[in-house]
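Chemist:
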Amino acid sequence: MKITVFNGSPRGKNGNTNRIVEAFLRGAEKAGAETENIFLVEKTIEHCLGCFNCWDTTPGKCSRNDDVEALHSIFLASDFVVLASPLYTDNITSILKKFLERILPLVNPCFEYINGETRHTRRHDHYPDFIAISNCGYPEYSQFQVMSHFFKRLARETNVAVKLEIYRTMGELLKIKHILLNPVVNRYLKNVEKAGEQFVQNGAVDEKLLEKLKESLIPEKMYRKMANAHWKKKLSRL
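Quick note on the numbering used here: the sequence shown kicks off at 5 and runs consecutively.
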């Protein structure tokens, strides 16, 4: 099994999202999966021109000369693709969005009508199913509603499925080193690692473990108080 991460965090390896991704990949590798973690911020990815050359001039090939064609090959060779991004303005980052807009050459321009909606037909026999991983600075799980819906719509358009979603509230706590917080964060990351292992072994993650992954790291009221105190302290130095 090949699992490839397309990581859209502008912080790359140093992002909170990547802490979750790395834990998931450790578990996946433990269960025998081959993994790759691609940081899109390190790649040259131009925006889509909407020229449709990938459909009517060089079918399946984008006219832009950057890193995307090589990423297409990796995408298609994967069994599962992890779409990883912190939550920015209720959705994925522009870095990941720009890459996802550039997968247009992987589908045909022609339509098919499925379950009451139109979508493009497949150009290739195989497309990877999706795994979503994200974190945000808010304390409520509901903050991920738009992102989750977006991933499901994207999966529908490419005729695949979102097989697993891991969303972490209070993501800023993942990078804080504190004697009381460290065990909480380590326990969470260990559960993410278990999720990676279970997913490779069973194709799914146990519901009890999924519920553990959704649990707040600390009480929401406490988190809001800590966050406000942090920012007020920083702003007072200006």
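Cβ atoms here follow ideal geometry from the backbone N, Cα and C, with glycine treated the same way.
Which residue marks the beginning of the alpha helix (DSSP H) containing H234, and which one marks its end?
Modeler: In the sequence shown, counting from the first residue as 1, residue 234 sits at position 230. Where H234 is concerned, the enclosing alpha helix (DSSP H) stretches over 224-240.
Chemist: Is the Cβ-Cβ distance between E38 and M5 less than 8 Å?
Modeler: Reading the sequence shown from its first residue, position 34 is the one you call residue 38. Reading the sequence shown from its first residue, position 1 is the one you call residue 5. Result yes, Cβ atoms of E38 and M5 sit closer than 8 Å.
Chemist: Going by the CB atoms, is the gap between R106 and N163 shorter than 8 Å?
Modeler: Along the sequence shown, one-based indexing puts residue 163 at 159. Along the sequence shown, one-based indexing puts residue 106 at 102. No.
Chemist: If you draw a straight line from the alpha carbon of E215 to that of R172, how long is it in whole angstroms?
Modeler: Numbered from its first residue, the sequence shown carries residue 215 at position 211. Numbered from its first residue, the sequence shown carries residue 172 at position 168. Near 12 Å, if we compare the C-alpha coordinates of R172 and E215.
Chemist: Kindly indicate the opening and closing residues of the alpha helix (DSSP H) around E215.
Modeler: Along the sequence shown, read from residue 1 onward, the residue named residue 215 stands at position 211. Segment 211-218, the alpha helix (DSSP H) holding E215.
Chemist: Quick one: residues in its chain with C-beta nearer than 7 Å to the C-beta of W265, no 5 flanking neighbours on either side, listed in chain order?
Modeler: A question about residue 265 goes unanswered here, because the residues of the chain that appear run from 5 up to 242.
Chemist: Using C-beta distances below 6 Å, list every residue in its chain close to R68, excluding the 5 sequence neighbours before and after it, in chain order.
Modeler: Position 64 of the sequence shown, counting from 1, holds the residue named residue 68. Cβ within range, chain order: E50.
Chemist: Please state whether DSSP places H182 in a helix, a strand or coil.
Modeler: Here residue 182 refers to the residue found at position 178 of the sequence shown. Coil at H182, not helix or strand.
Chemist: In the structure shown, what three-state DSSP assignment does P132 receive?
Modeler: Residue mapping note: residue 132 aligns to position 128 of the sequence shown, counting from 1. P132 falls in the coil class under three-state DSSP.
Chemist: Which word fits Q202, buried or exposed, when buried means at least 16 other C-beta atoms lie within 10 angstroms of its C-beta?
Modeler: Here residue 202 is taken as the residue at index 198 of the sequence shown, counted from 1. Buried is the call here.
Chemist: With a CB to CB cut of under 8 Å and the five nearest residues on each side skipped, what residues in its chain are close to G64?
Modeler: Here residue 64 refers to the residue found at position 60 of the sequence shown. Counting only Cβ-Cβ distances below 8 Å, and skipping sequence neighbours, we find C58, P109, L110, R127.
Chemist: Suppose the cutoff is 6 Å on Cβ atoms and the five residues either side in sequence are ignored; what does the same chain contact list for E224 look like?
Modeler: Residue mapping note: residue 224 aligns to position 220 of the sequence shown, counting from 1. These residues qualify, in order along the chain: P143.
Chemist: For K65, which three-state DSSP category applies?
Modeler: Position 61 of the sequence shown, counted from the start, is the residue given in the question as residue 65. K65 falls in the coil class under three-state DSSP.
Chemist: Could you check whether V196 and I170 sit closer than 8 Å to each other, using their CB atoms as the reference points?
Modeler: In the sequence shown, counting from the first residue as 1, residue 170 sits at position 166. In the sequence shown, counting from the first residue as 1, residue 196 sits at position 192. Their beta carbons are under 8 Å apart, which means I170 touches V196 by this criterion.
Chemist: So, L221 versus N20, is the Cβ gap smaller than 8 Å?
Modeler: As a working note, residue 221 is residue 217 in the sequence shown. As a working note, residue 20 is residue 16 in the sequence shown. Result no, Cβ atoms of L221 and N20 do not sit closer than 8 Å.
Chemist: To the nearest angstrom, report how far apart T8 and H130 are at their CA atoms.
Modeler: Locating residue 8 in the sequence shown gives position 4, where the first residue counts as 1. Locating residue 130 in the sequence shown gives position 126, where the first residue counts as 1. Going by the C-alpha atoms only, they are around 15 Å apart.
Chemist: Given a cut-off of 8 Å, decide if G200 and G31 are closer than it, judged by their beta-carbon atoms.
Modeler: Position 27 of the sequence shown, counted from the first residue, corresponds to residue 31. Position 196 of the sequence shown, counted from the first residue, corresponds to residue 200. Yes, Cβ-Cβ distance for G31 and G200 is below 8 Å.
Chemist: Are the Cβ atoms of L87 and A165 separated by less than 8 Å?
Modeler: Start at 1 with the first residue of the sequence shown, and residue 87 comes out as number 83. Start at 1 with the first residue of the sequence shown, and residue 165 comes out as number 161. For L87 and A165, no; Cβs fall outside 8 Å.
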